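K.L.:
Would you mind keeping the following structure in view while I ask a few things?
2 protein chains.
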Amino acid sequence: MRADAVRNRAKIVEAAKAAFAERGLETQMEDVARRACVGVGTLYRHFPTKDALVRALIIDKMERQAEAVKARLDADEDPWETFAGSLLHGAEQQLGDRALAQVLAQQPHSTWRSAAEEDTQLAARMAEALERAQRAGVVRPDARPDDIPLVMCGLGAVVQNERSWERYMRLVLDGFRARDGDPLPG
Amino acid sequence: MRADAVRNRAKIVEAAKAAFAERGLETQMEDVARRACVGVGTLYRHFPTKDALVRALIIDKMERQAEAVKARLDADEDPWETFAGSLLHGAEQQLGDRALAQVLAQQPHSTWRSAAEEDTQLAARMAEALERAQRAGVVRPDARPDDIPLVMCGLGAVVQNERSWERYMRLVLDGFRARDGDPLPG
DNA sequence: CACAATACGGAATCCGGATTCCGGTTGTCA
DNA sequence: TGACAACCGGAATCCGGATTCCGTATTGTG
Chain A
1 MRADAVRNRA KIVEAAKAAF AERGLETQME DVARRACVGV GTLYRHFPTK
51 DALVRALIID KMERQAEAVK ARLDADEDPW ETFAGSLLHG AEQQLGDRAL
101 AQVLAQQPHS TWRSAAEEDT QLAARMAEAL ERAQRAGVVR PDARPDDIPL
151 VMCGLGAVVQ NERSWERYMR LVLDGFRARD GDPLPG
Chain B
1001 MRADAVRNRA KIVEAAKAAF AERGLETQME DVARRACVGV GTLYRHFPTK
1051 DALVRALIID KMERQAEAVK ARLDADEDPW ETFAGSLLHG AEQQLGDRAL
1101 AQVLAQQPHS TWRSAAEEDT QLAARMAEAL ERAQRAGVVR PDARPDDIPL
1151 VMCGLGAVVQ NERSWERYMR LVLDGFRARD GDPLPG
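Protein chains in written order, with our numbering: chain A, 1 to 186; chain B, 1001 to 1186.
Right under this line is the structure:
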């Protein structure tokens, strides 16, 4: 790849990250190009489609998140802290990236969203965090790994709309903690 | 208003309800018109804008929901049942209406969404249900009325994406029940 | 240094809807 | 029943963005 092409690609990715984080999915390709000081044509030579661009950004974000969870698991601290901390970290991630929150909350993308979650092992690692917490007896035993996407999905909506996402998170976390009451259905 | 105009308006409202419930906000004005066996022009004479049409449908849904909550309050049964039942009823409502779920989960509409909630007294009545449950000691005392929209907003996203919305609801409800642990922030 | 081979910019094109317009109908009232 | 206003249908128009195209400008190779 030619040197200028490499340089431009980097500029584009940076610009796109910033733009989508700030404005969300409505960000226009021209905005990205302008921010990157590049023509739309160039943008399209690097990413054939707006969707492809978004996909790349999201997968990148998820990889980072997966790493963060791994770090927590490796540190092997208090199981509850590991679990809750990972979830809260994810929430902050969404708070700082409108596009991420939108993708997590919306349906049309769910196909590759879940694919990405698995590819990046994010799902597996979160499951591990959950299981440890359950073994330690600090999370209800009837919680399941796939309850986590459930919560992150809801969070995506909350983060975009309401100011008190932190109350939401705490409420849900207390739901995970709960031990009395009816067991979860299905 | 001329007789045929009245008839057409009714047909349009019915068609719109069905179409938006089924397909969500992506429903096209022409689809609605076709279902109502009416030209787009007619549709536009009754509702000046797609947005106006959606607004009308949503407000209607909320009114019904407000009535349902009132009915529960009037019945004056077990406070927990009243509270949880109202929330679950809302969830079912969203399950049966893609557009409703989308509006509740998405941001751009939040302006008139909240307006509608207040107009229809839905907010006030949910608050009442919450308070009763708190007085009865079955809901944590640090929960607040505006935690409810939070949850319904998240639910909007969950309902669209994941199959197990019921697990989500139960988890959240257990969060409301919780009494130990840290108090909710902010 | 000259020539391909690659990249670039950004105006022009394309497209999927929403919204408008107007000649033709229908309902109503005297 | 006749006249007129209120309605209709749906083709034509408009618009915001994504995507394509092509004449130029850069690179790096012999």
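Ideal Cβ positions, reconstructed from N, Cα and C, are used throughout, including at glycine.
Given the structure is predicted, the values throughout are model-derived calculations rather than measurements.
List, in chain order, every chain A residue whose beta-carbon is nearer than 9 Å to that of residue 1176 of chain B.
P.N.:
As a position in the second sequence, residue 1176 of chain B is number 176, starting the count at 1. What residue 1176 of chain B touches in chain A: 171, 174, 175.
K.L.:
Among A:68, A:113, A:3, A:186, which has the Cα closest to the Cα of residue 54 of chain A?
P.N.:
Here residue 54 of chain A refers to the residue found at position 54 of the first sequence. Between residue 54 of chain A and the set A:68, A:113, A:3, A:186, the nearest pair of CA atoms involves A:113.
K.L.:
Can you tell me whether DSSP reads residue 32 of chain A as helix, strand or coil?
P.N.:
If you number the first sequence from 1, residue 32 of chain A lands on position 32. DSSP places residue 32 of chain A in helix when its eight states are reduced to three.
K.L.:
Excluding the 5 residues preceding and the 5 following residue 35 of chain A in the sequence, name in chain order all residues of the same chain whose CB lies nearer than 7 Å to its CB.
P.N.:
Against the first sequence, residue 35 of chain A aligns to sequence position 35. Once the five neighbours on either side are set aside, the close Cβ partners of residue 35 of chain A are 15, 18, 19.
K.L.:
In the DSSP assignment, find the alpha helix (DSSP H) that holds residue 1170 of chain B and state where it starts and stops.
P.N.:
Working through the second sequence from its first residue, we reach residue 1170 of chain B at position 170. Start and end: 1165-1177.
K.L.:
Under three-state DSSP, which class holds residue 204 of chain A?
P.N.:
In the structure displayed, chain A extends from 1 to 186; residue 204 of chain A sits before or after that span and is not available.
K.L.:
Rounded to the nearest angstrom, what separates residue 2 of chain A and residue 43 of chain A at their Cα positions?
P.N.:
Residue mapping note: residue 2 of chain A aligns to position 2 of the first sequence, counting from 1. Residue mapping note: residue 43 of chain A aligns to position 43 of the first sequence, counting from 1. Rounded to whole angstroms, residue 2 of chain A to residue 43 of chain A spans 15 Å at the Cα level.
K.L.:
I need the DSSP call for residue 138 of chain A, collapsed to helix, strand or coil.
P.N.:
Position 138 of the first sequence, counted from the start, is the residue given in the question as residue 138 of chain A. Residue 138 of chain A: coil per DSSP, three-state reduction.
K.L.:
Short of 7 Å in beta carbon distance, which residues of its chain neighbour residue 96 of chain A, apart from the five on each side in sequence? Order them along the chain.
P.N.:
Translated into positions along the first sequence, residue 96 of chain A becomes position 96. The answer, listed in chain order, is 21.
K.L.:
What residues in its chain sit with their C-beta under 7 Å from that of residue 93 of chain A, if we drop five residues either side in the sequence?
P.N.:
As a position in the first sequence, residue 93 of chain A is number 93, starting the count at 1. Contacts found: 61, 65, 100.
K.L.:
Along chain A, which residues have their Cβ under 7 Å away from the Cβ of residue 1185 of chain B?
P.N.:
For the purposes of this step, residue 1185 of chain B is identified with residue 185 of the second sequence, where counting begins at 1. Per Cβ cutoff of 7 Å: 166, 167, 170.
K.L.:
Might you give, ordered along the chain, the residues of its own chain that have their beta carbon closer than 7 Å to the beta carbon of residue 58 of chain A, omitting 5 neighbours on each side?
P.N.:
Working through the first sequence from its first residue, we reach residue 58 of chain A at position 58. Taken in chain order, the residues that qualify are 100, 103, 116.
K.L.:
Kindly give me the distance between the Cβ atoms of residue 1091 of chain B and residue 1157 of chain B, rounded to whole angstroms, as I take these residues to be in contact under 8 Å.
P.N.:
Working through the second sequence from its first residue, we reach residue 1091 of chain B at position 91. Working through the second sequence from its first residue, we reach residue 1157 of chain B at position 157. So it is not a contact: roughly 12 Å between Cβ atoms.
K.L.:
Whose Cβ in chain A lies nearer than 9 Å to the Cβ of residue 1081 of chain B?
P.N.:
By one-based count along the second sequence, residue 1081 of chain B stands at place 81. Per Cβ cutoff of 9 Å: no residues; residue 1081 of chain B is ~13 Å from chain A at best.
K.L.:
At a CB-CB cut-off below 7 Å, which residues of chain B make contact with residue 160 of chain A?
P.N.:
Here residue 160 of chain A corresponds to residue number 160 of the first sequence, with the count starting at 1. The contacting residues are 1107.
K.L.:
Please name the residue, chosen from B:1152, B:1010, B:1046, that lies closest to residue 1166 of chain B on a Cα-to-Cα basis.
P.N.:
The count along the second sequence starts at 1 and reaches residue 1166 of chain B at position 166. Considering only alpha carbons, the answer is B:1152.
K.L.:
Between which two residues does the alpha helix (DSSP H) holding residue 62 of chain A run?
P.N.:
As a position in the first sequence, residue 62 of chain A is number 62, starting the count at 1. 50-75 is the span of the alpha helix (DSSP H), which, as asked, contains residue 62 of chain A.
K.L.:
What does residue 149 of chain A reach in chain B if we use C-beta pairs closer than 7 Å?
P.N.:
Reading the first sequence from its first residue, position 149 is the one you call residue 149 of chain A. By Cβ distance, chain B contributes 1162.
K.L.:
Residue 52 of chain A: buried (16+ other C-beta within 10 angstroms of its C-beta) or exposed?
P.N.:
Indexing the first sequence from 1 puts residue 52 of chain A at position 52. Exposed, since its Cβ has fewer than 16 Cβ neighbours within 10 Å.
K.L.:
Check whether the Cβ atoms of residue 1069 of chain B and residue 1125 of chain B lie closer than 7 Å to each other.
P.N.:
Residue 1069 of chain B sits at position 69 when you count from the first residue of the second sequence. Residue 1125 of chain B sits at position 125 when you count from the first residue of the second sequence. The answer is yes: Cβ separation under 7 Å.
K.L.:
Going by DSSP in three states, residue 39 of chain A sits in which element: helix, strand or coil?
P.N.:
Here residue 39 of chain A refers to the residue found at position 39 of the first sequence. It is coil, neither helix nor strand.
K.L.:
Is the beta carbon of residue 1083 of chain B less than 7 Å from the beta carbon of residue 1136 of chain B?
P.N.:
Here the question's residue 1083 of chain B lines up with position 83 in the second sequence. Here the question's residue 1136 of chain B lines up with position 136 in the second sequence. Their beta carbons are not under 7 Å apart, which means residue 1083 of chain B does not touch residue 1136 of chain B by this criterion.
K.L.:
Looking only at its own chain, which residues have a Cβ that is under 7 Å from the Cβ of residue 39 of chain A, when we skip the five neighbours before and after it?
P.N.:
Here residue 39 of chain A refers to the residue found at position 39 of the first sequence. Answer for residue 39 of chain A: 33, listed in chain order.
K.L.:
Residue 153 of chain A versus chain B: which residues are under 7 Å apart at the beta carbon?
P.N.:
Within the first sequence, residue 153 of chain A is the residue found at index 153, counting from 1. Result: 1157, 1158, 1161, 1162.
K.L.:
To the nearest angstrom, how far is the alpha carbon of residue 1138 of chain B from that of residue 80 of chain A?
P.N.:
The residue labelled residue 1138 of chain B in the question sits at position 138 within the second sequence. The residue labelled residue 80 of chain A in the question sits at position 80 within the first sequence. Each residue's alpha carbon lies about 25 Å from the other.
K.L.:
Should residue 1181 of chain B be flagged as near chain A, meaning a C-beta pair shorter than 7 Å?
P.N.:
Here residue 1181 of chain B refers to the residue found at position 181 of the second sequence. Yes - at least one Cβ of chain A is within 7 Å of the one on residue 1181 of chain B.
K.L.:
Please work out which residues of its chain come closer than 6 Å, Cβ to Cβ, to residue 183 of chain A, disregarding the five sequence neighbours upstream and downstream, and give them in chain order.
P.N.:
Taking the first residue of the first sequence as 1, we reach residue 183 of chain A at position 183. 142.
K.L.:
With 16 as the cutoff for other CB atoms within 10 Å, does residue 71 of chain A come out buried or exposed?
P.N.:
Position 71 of the first sequence, counted from the start, is the residue given in the question as residue 71 of chain A. With fewer than 16 other Cβ atoms within 10 Å, it is exposed.
K.L.:
Pull up the distance between the alpha-carbon of residue 26 of chain A and that of residue 161 of chain A, whole angstroms please.
P.N.:
For the purposes of this step, residue 26 of chain A is identified with residue 26 of the first sequence, where counting begins at 1. For the purposes of this step, residue 161 of chain A is identified with residue 161 of the first sequence, where counting begins at 1. If you take the alpha carbons of residue 26 of chain A and residue 161 of chain A, they lie about 16 Å apart.
K.L.:
Apply the 10 Å Cβ neighbour rule to residue 1149 of chain B and answer buried if 16 or more other Cβ atoms are within range, or exposed otherwise.
P.N.:
If you number the second sequence from 1, residue 1149 of chain B lands on position 149. Residue 1149 of chain B is buried by the Cβ-count criterion.
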